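Here's the structure we're looking at; comments come further down.
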Amino acid sequence: MSASGYLGLLPLAILAGSAILVLFGLAFARQRYETAFALSMAGLVAALASLFFAWTGAPQRFTALLVLDHFAYLSMALSIGATIVVEFMSFAYFRARREENGEFYFLLQLACLGCAVLASSSSFASFFLGLELLSTPLFTLIGYRREREAGLRSAFMYLILAGVSSAFLLFGMALVYLETGSLDITTAARAASGSASFTVLAGLALMTVGIGFKLAVAPFHVWTPDIYDAAPAPATAFIATASKGAMAILLVRFFAPAGIAGAGPFAWIFAAIAGISMFTGNILALREGNLKRLLAYSSIAHLGYILVAFVASGNQGSAAVSFYLVAYFVSNLAAFAAVAGLSTNEAEADSIEHYRGLAKGHPWAAAALTASLLSLAGLPLTAGFMGKFVIFEAGAGAFLWVLVVILAVNSTISIFYYLRVVSALYRPASEAGTGSMSPRPAMPALAAIALAAMAIAIIVIGAMPGSLMAFIREVARDIASNAAAAL
Amino acid sequence: MAAVSFEYGLALAAILFILGLVGLLTRRSLVFMLLCVEIMLNAAGFAFIVAGARWGGADGQVMFIFLLTMAAAEVAVGLALILVLSGRVPGAVPDEAAAGGEPAPVDMRSLLDTDYQKDAQAGRTRP
Amino acid sequence: MSIVALIPAFPFAGALLIFLGWRMKGRTAAIIGSAAVGLSMASAITLASISSLSPQSGSAFGLVLWNWLQVGSISVPIGLAVDALSIVMCLVVTVVGFLIHLYSVDHMAGEEGYGRFFGYMNLFVGSMLTLVLADNLLLLYLGWEGVGLCSYLLIGFWYRESANGRAARKAFIVTRIGDISLLVGIFLLATSLGSLDIQEIGRRAASAWPLGSPIASLAAALVLGGALGKSAQLPLHTWLPDAMAGPSPVSALIHAATMVTAGVYLVARTNALFALAPAVQLAVAIIGAATLLVAGWSALFQTDIKRVLAYSTMSQIGYMFLALGLGAWTGAIFHLAMHAFFKALLFLTAGVIINALHHEHDIFKMGGLARRMPFAFWVFLIGSLGLTALPPVTSGFASKDAIVARAWTSGDPGHLLWIAAMLGVLITSAYTFRLLFVVFAGRGASAANAANAAHGSAHEGGQELARPGPLLTIPLGILAFFCLIGGLVDFPRILGGVPWFGTFLGTALPPAREAEAGGGSELALALASLGTSLMGILIGALLWRRSLKPGFVSPSSGIASFFKKGWGFDRIYAVLFQTPFEWLCRVNRRDAVNLASNGIGTANLAFSRVLRSSQTGMIRWYVAFLAVGGALVIAAAVIL
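Residue numbers (our numbering), protein chains in the order written: chain G, 1 to 487; chain W, 488 to 614; chain R, 615 to 1254.
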């Protein structure tokens, strides 16, 4: 292995190494909370920076486990970026509550490492390792606020469900391995695209359960609202973005080029999952009065949109998935940054009623949250619009007319509940209202920075998507050529 | 090694897997749930070993070892969660403890049974 | 040359700052708002001077900021096009806009929502500049909708009175009819010509569509529909008089100087289309002529000072449409620019008067204000002379006479149109001077004092009312100055003028279609229109005398009321559209269609309830979901 080969591994190494440093900091430093935050942030930023150096060496394979190509680095950048934003919004959120909260950053960083491994894995072994590296810290992150019983119960629920889904996934992998004799994901995917035996089909179906659970697409979505609601807002933000994004990337990079998404039984299955997810998520969200649950339901629908692009497959499909992920990341992170920033010691800012009159008290926050919600709804000049647009383009290009129509119908449905929240922001606060806080506390600086940055990103991507789109198309072309080379 | 047809091993793994799944669907105790998940994971591990045996490679065993480690980590977190939860289930009334009184004894049934609380709130009693 | 991007950027930035600093002190908002438009004006002037210095061929250029969308062969760039036409429009919008902002600093002081006002105004200026600078129809449409939105918001600025809200809605809905027509037109152009770029559309249309072909006529008619709605021309004109519910600066900026002339701009911008559809172009001229007569006649019967001016605006835009229809593109834009100055001046002065008289709008309760508000009188007089196109004031004289002369020289239908235009000249000067006399002349002993007394004002009749402050008088003075000398940029050649303006615009717009008339007839025409104007003044004076008779009540019944209410268009629309619609609604109270759409909603909500009941929070239940889902996927994988 050449020096540049190890350079390619640098982001992962930095993430892992700095996680250990955070542990040391927690053990020895006096200001353990601040130290943990600073060390973890430094590690993340360094990892992000190292991506630039690693970029030139790509693509390469690192043993049988990892493939480090541009697409992997892109998804690493997304995960790491999301984690940085999550840390920004966590700082004040956890400091206000407890002295002993430094471990949060360690766990977050481990989960981020899990995402990075997941997105660059090329074998079932690294896939599974990455997944568990991501899931195990999440159990703790969900129940991080020990004083809240709902959080603990939800953490346990997530643990059981994640365990079950892992079991499904592993059993499926075992079946595929039994038939193909290889742990390589691409080989497995290719085996499925041909005339596959019952064992392989059943194996892939079981894997679909495990992947669907992580993506929270219908009918594997049921856990989402409870976990979103009970987890602390920053942890929810991480689950909503980085965790799902890494899995979506994995799905794209191995299944899309192998042609599994474009044809055969799994094209139908994923199409059905996409359609059901869009309807389920949006319809569930219609009557929801809790913002975190609402975002949970809406995320089910958003992953459904992403699956439309996935089923469209090909270059355009992969690019659409990646672009939509970027839009989905910034929009969701902005929304959760607002939730985290406005939560106080006593109460999580989760009821929509709570947001009434926000425009008067926090005009900037209200504007940013509006941008985020409009972007999630997919209105023009926001990132979400461009995301939906490229998915439309990909879907229409692959002649998936039914899915495209469902997507359009669902976009319309979703506008209803997003605008319900937006209108709450600009209505006067209810008199002695339920849950409306007065006086509202000032937004913590770091959360406000995260919120502002994400809001600006939403507008910039929405108004001038050209260069980002071109970049993502370039990277997406990269995976297609990789897959061809691997053949 | 005497050649045991891999179908038998696979059938055993499938039976184990379904056993765990059914257990999960029927048992209400947290500890049992954790156990059932372990059974399912081990079923998957067994399937890997069977598959590895078929191809005569070490990959299956490697996966099993990974799986075992991860399952251990998962169980550790799960047990920790159960322990923390045990201090918070109804029965251990927090404000009594704050008042300096002896915390009430933990109702073990409520600790192990996820649906107990719901039933209790609904006023239902179960044998 | 990228300074052009700054022109719309400044007002947008100002609007953003003002909206996000909602709680900022009103003064700060006013300063930010005015400064933003001022900077924008400075950029526009810089751009104009650069372009006019450079050689003619170089004065037109495009600046593509970035590419927004790319679908197949159609791309939607965020691009600005600079040529003589857009430079002229930018100058008009920013200069008039800036003066009106300055004026508003004082005029709107103390109003509730002072900051909000400047936010909306900045947003409006930004949208208007986007509209005139856009190089493609989609961006133009974005600006088009933006100005419509701001118009709605500003008409309903005093939203606590429901009548204002109603006026705002009416304006929004009526113009919406035109907007939809424009949008359909844009779709038609995009699908049939495969481009959204305005220049490109012109080129492709000219090569693809033969002269007078149905599709060209359809496209031109659809675009015209949009222009009619925005510019308050027959038959979509009914919203403009009601739009006077907004503050006076709004009426001046949006409903006189800029937004309502967007239709004129649009037609001029897409002149290539209209050149291919002579029938539609003739319709433009006829609609213009009809509007100028109908609206002018209505203006004669109004008693509300702002409604007089509103009808007058419609009538003047009618002249612009007439010019467009006759192919006098530069003439239309010239009149647009001149009209912007004198009508803004009139509206702003009306605002001063209304404020001084404690929100009195009825002209018959004014009277004799010449002595009590001398400054207002003089500037109003200048504006009125501009409106009636009388020589000491050159702006209206130069621009309107050009149109009238144009009508005479443009062949057969032109003579009929010329008669209409001359009648319009007569009516214009009649209503203008009726207004001037009623408001300013006489002793004003009766009504104005009564109004004063009713308001408990200490002012005696004949005494001067409070002088407007410098922030009010300076913009008025500047506007009056422009009115006086503005016409010199394109003065009739026969009177020794040089057509600078026409030459400049000629680089962007096609030249007039046929040869100029001889000098002699030009002079004769000018004299004829001058005479007509003077006759109109006489009529105006007579009308004023009549109103001085004891026992005079402002026209409120019979035929006068019919004209006062704008020829009963509202009534006709009510009978034609509103009543059937309401009847349909009544009949269809249980609503068959709504049943379906409500049904979807209800079904969704019911379905939502069912689905939500699946969210039990119980682990076993959720595991069951995983298991059943897994079984389904396996089954599907095997079966398919």
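We put the beta carbon where it would ideally sit given N, CA and C, even for glycine.
Just so it is clear, the structure is predicted and the values come from calculations on it, not from any experiment.
- Between the region 12 to 27 of chain G and the region 106 to 117 of chain G there are three or more C-beta pairs closer than 8 Å, enough to call the two in contact.
- By a beta-carbon distance limit of 8 Å, Leu940(R) does not contact Thr905(R). Their separation comes to about 15 Å.
- When only Cα atoms are considered, Tyr228(G) and Phe127(G) end up about 24 Å apart.
- With the rule of 3 Cβ pairs closer than 8 Å, the region 958 to 973 of chain R does not count as touching the region 1011 to 1019 of chain R.
- For the pair of segments examined, the region 920 to 937 of chain R was found to touch the region 854 to 862 of chain R: the number of CB pairs separated by less than 8 Å reaches three.
- When DSSP assignments are scanned along the region 817 to 845 of chain R, no uninterrupted stretch of beta strand (DSSP E) that is 3 or more residues long falls wholly within it.
- For Met557(W), there are no neighbours in chain R by C-beta distance under 9 Å, as the nearest C-beta there is about 19 Å away.
- Taking 7 Å as the Cβ-Cβ cut-off, the region 284 to 297 of chain G approaches chain R at Leu284, Leu286, Arg287, given in chain order.
- Between Glu87(G) and Pro137(G), the alpha-carbon positions lie close to 15 Å from each other.
- Under the Cβ criterion (8 Å, minimum of three pairs), the region 520 to 530 of chain W counts as touching the region 496 to 505 of chain W.
- Under DSSP, Gly676(R) shares a beta bridge with Ala695(R).
- Interface criterion met: the Cβ of Met520(W) is under 8 Å from a Cβ in chain R.
- In chain order, Leu26 place their CB closer than 7 Å to the CB of Glu103(G), counting only its own chain and leaving out the 5 sequence neighbours on each side.
- Following the DSSP letters along the chain, one finds Leu68(G) inside the beta strand (DSSP E) bounded by residues 66 to 68.
- Between the alpha carbons of Leu752(R) and Leu374(G) lies a distance of about 21 Å.
- Chain W places a beta carbon closer than 8 Å to that of Ala1241(R), counting this residue as a contact.
- For Leu554(W), no chain R residue has a Cβ inside 9 Å of its Cβ, as the nearest lies near 19 Å away.
- DSSP places Arg883(R) in the uninterrupted alpha helix (DSSP H) bounded by 876 to 883.
- Counting only the Cα atoms, Ala662(R) lies some 6 Å from Ile701(R).
- Considering only Val696(R), Pro892(R), Leu802(R), Met742(R), the residue with the shortest C-alpha distance to Gln813(R) is Val696(R).
- With respect to the 8 Å criterion, Val475(G) and Phe156(G) are not classified as neighbours on the basis of their beta carbons.
- Per the Cβ contact rule, the region 460 to 477 of chain G is in contact with the region 382 to 389 of chain G (3 or more Cβ pairs under 8 Å).
- Less than 8 Å separates the beta-carbon of Pro625(R) from that of Ala650(R).
- Distances from the CA of Ile645(R) to each of Arg818(R), Tyr728(R), Thr1121(R) were compared; the closest alpha carbon is that of Tyr728(R).
- Taking all protein chains shown into account, Ile919(R) has 16 or more neighbouring C-beta atoms within 10 Å of its C-beta and is therefore buried.
- Contact of Ala1250(R) with chain G by beta-carbon distance below 8 Å involves Ala205, Pro265, Trp268, Ile269, Ala272.
- The beta carbons of Leu962(R) and Tyr1045(R) sit about 19 Å from each other, so the pair does not count as a contact at 8 Å.
- Judged by beta-carbon spacing, Leu737(R) lies beyond the 8 Å limit of Gly770(R), meaning their Cβ atoms are not closer than that value.
- Contact check for Val164(G) against Leu511(W) passes: the beta carbons are separated by less than 8 Å.
- Three or more Cβ pairs closer than 8 Å define a contact, and the region 197 to 211 of chain G meets that threshold against the region 166 to 180 of chain G.
- Residues Thr852 of the same chain have their beta carbon placed closer than 7 Å to that of Asp1184(R), with the five preceding and five following residues left out of the count.
- If the five residues before and after His953(R) are omitted, its C-beta is found closer than 6 Å to the C-beta atoms of Gln930, all from its own chain and listed in chain order.
- In the pairwise beta carbon analysis, the region 836 to 847 of chain R is classified as not touching the region 703 to 719 of chain R: fewer than three pairs are separated by under 8 Å.
- Not a single C-beta of chain G is nearer than 8 Å to the C-beta of Ile621(R).
- Classified as buried, Ile300(G) has 16 or more neighbouring CB atoms from the shown chains inside 10 Å of its CB.
- Leu497(W) is outside the set of residues whose beta carbon lies under 8 Å from a beta carbon in chain R.
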